[in-house]
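Visitor: Handing you a structure now.
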Ligand SMILES: *Cc1c(COP(=O)(O)O)cnc(C)c1O
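Numbering (our numbering), first residue to last: 1188 to 1415.
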């Protein structure tokens, strides 16, 4: 197996024109394929299994910018904090507190994105609009105390559907939520990252204001059924 270099180069140039960051999602794919993209200049990679990420990280160059992109269990945070640069998909205050605690121990400030549940049909992790509102305003003081966490923005996944208009409306709703909250600074910094769009829907996401896409199968080929 080998990565699709043409797809990578074409995606890269499309995204550059729009000022959108590409996170190459390499879950289930071997380090040799990650290195192929690395040699083309790619530095941001996303993984969503903690054990797999740790194994790969130890074998790969240290200037890779690792993103954790899935649902993260509180007890696994400590393994990621030493090397991960952005945790995409924080879905509870409890998890934020644990990240803060571990980051403080490691004497660093860790970037996170809050995951918002935008897909109306599926059960996916994340805050809904009212929970986000609640976190932001009711827990404002608690958030301010998390000095070792930098909430850089929001992340969301649209429904798995071929209905482009549905996908578009979900991304649009996330963008509105982002705009509504981006004005208020936490610990002096505002949200600037809106992570939305994957292989099948990144074009719509970019049209709707994404600043970061997470693309896997378009670059690396399909994953097997057992490893979604
Ligand atoms: C797997 C995954 C992706 C990438 O999906 P593709 O369809 O392969 O591009 C993006 N975001 C998250 C959270 C994922 O788990």
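Ideal placement from N, C-alpha and C gives every residue a C-beta, glycine not left out. All values reported here derive from a predicted model rather than from experimental measurement.
Does the structure place the stretch 1214-1227 close enough to the stretch 1263-1278 that three or more beta carbon pairs sit under 8 Å?
Guide: Short answer: they don't touch.
Visitor: Can the beta-carbon of residue 1301 be found closer than 8 Å to that of residue 1274?
Guide: Here residue 1301 refers to the residue found at position 114 of the chain shown. Here residue 1274 refers to the residue found at position 87 of the chain shown. The answer is no: Cβ separation not under 8 Å.
Visitor: Can you tell me which of 1334, 1202, 1358 and 1404 puts its alpha carbon nearest to the alpha carbon of residue 1374?
Guide: Taking the first residue of the chain shown as 1, we reach residue 1374 at position 187. Comparing Cα positions, the closest option is 1334.
Visitor: Going by DSSP in three states, residue 1338 sits in which element: helix, strand or coil?
Guide: Start at 1 with the first residue of the chain shown, and residue 1338 comes out as number 151. In this structure, residue 1338 counts as strand in the three-state DSSP scheme.
Visitor: State the Cα-Cα distance for the pair residue 1150 and residue 1400, rounded to the nearest angstrom.
Guide: Outside the shown range of the chain (1188 to 1415) lies residue 1150, about which nothing can therefore be said.
Visitor: In terms of alpha-carbon separation, which member of 1214, 1299 and 1229 lies closest to residue 1485?
Guide: What is shown of the chain runs 1188 to 1415, which leaves residue 1485 out entirely.
Visitor: So what's residue 1249 in DSSP terms, helix, strand or just coil?
Guide: In the chain shown, the residue the question calls residue 1249 occupies position 62. Looking at residue 1249 - three-state DSSP - the assignment turns out to be coil, as it is neither helix nor strand.
Visitor: Rank 1405, 1276 and 1254 by C-alpha distance to the C-alpha of residue 1194 and give the top, closest one.
Guide: Position 7 of the chain shown holds residue 1194. Comparing Cα-Cα distances from residue 1194 to each of 1405, 1276 and 1254, the minimum goes to 1405.
Visitor: Can you tell me whether residue 1387 sits near ligand 1, meaning its C-beta is under 7 Å from at least one heavy atom of the ligand?
Guide: For the purposes of this step, residue 1387 is identified with residue 200 of the chain shown, where counting begins at 1. For ligand 1, at least one heavy atom lies less than 7 Å from the Cβ of residue 1387.
Visitor: Going straight from the alpha carbon of residue 1491 to that of residue 1245, what length do you get?
Guide: With the chain covering only 1188 through 1415, there is no way to say anything about residue 1491.
Visitor: Would the C-beta of residue 1373 count as close to ligand 1, meaning under 7 Å from any of its heavy atoms?
Guide: Taking the chain shown and counting its residues from 1, one reaches residue 1373 at position 186. Not under cutoff, so the answer is no.
Visitor: Quick check on the burial criterion: 16 or more other C-beta atoms within 10 angstroms. Buried or exposed for residue 1196?
Guide: Working through the chain shown from its first residue, we reach residue 1196 at position 9. With fewer than 16 Cβ atoms within 10 Å of its Cβ, residue 1196 is classed as exposed.
Visitor: State the start and end residues of the unbroken beta strand (DSSP E) segment that holds residue 1407.
Guide: The residue given as residue 1407 occupies position 220 in the chain shown. Note, residue 1407: premise wrong, no beta strand (DSSP E); alpha helix (DSSP H) at 1404-1407.
Visitor: Can you find the residues in the same chain that come closer than 7 Å, C-beta to C-beta, to residue 1212, ignoring five residues on each side of it along the sequence?
Guide: Translated into positions along the chain shown, residue 1212 becomes position 25. Counting only Cβ-Cβ distances below 7 Å, and skipping sequence neighbours, we find 1233, 1256, 1401, 1402 and 1403.
Visitor: To which residues of the same chain is residue 1415 closer than 8 Å at the C-beta, ignoring the five residues directly before and after it?
Guide: As a position in the chain shown, residue 1415 is number 228, starting the count at 1. Low confidence applies here, because residue 1415 scores a pLDDT of 48, under 50, leaving its location unreliable; read the following figure in that light. Contacts found: none.
Visitor: Assign residue 1421 to buried or exposed, taking buried as 16 or more other Cβ atoms, counted over all protein chains shown, within 10 Å of its Cβ.
Guide: The shown model of the chain, from 1188 to 1415, leaves out residue 1421, and the question about it has no answer.
Visitor: What whole-angstrom Cβ distance do residue 1287 and residue 1336 have, given they're in contact under 8 Å?
Guide: Here residue 1287 refers to the residue found at position 100 of the chain shown. Here residue 1336 refers to the residue found at position 149 of the chain shown. Right, their Cβ atoms sit about 5 Å apart.
Visitor: Given a threshold of 16 other Cβ atoms within 10 Å of its Cβ, counted over all protein chains shown, does residue 1292 qualify as buried or as exposed?
Guide: Position 105 of the chain shown holds residue 1292. Residue 1292 should be labelled exposed.
Visitor: With DSSP collapsed to three states, give me the class of residue 1268.
Guide: Numbered from 1 along the chain shown, position 81 holds the residue referred to as residue 1268. Looking at residue 1268 - three-state DSSP - the assignment turns out to be coil, as it is neither helix nor strand.
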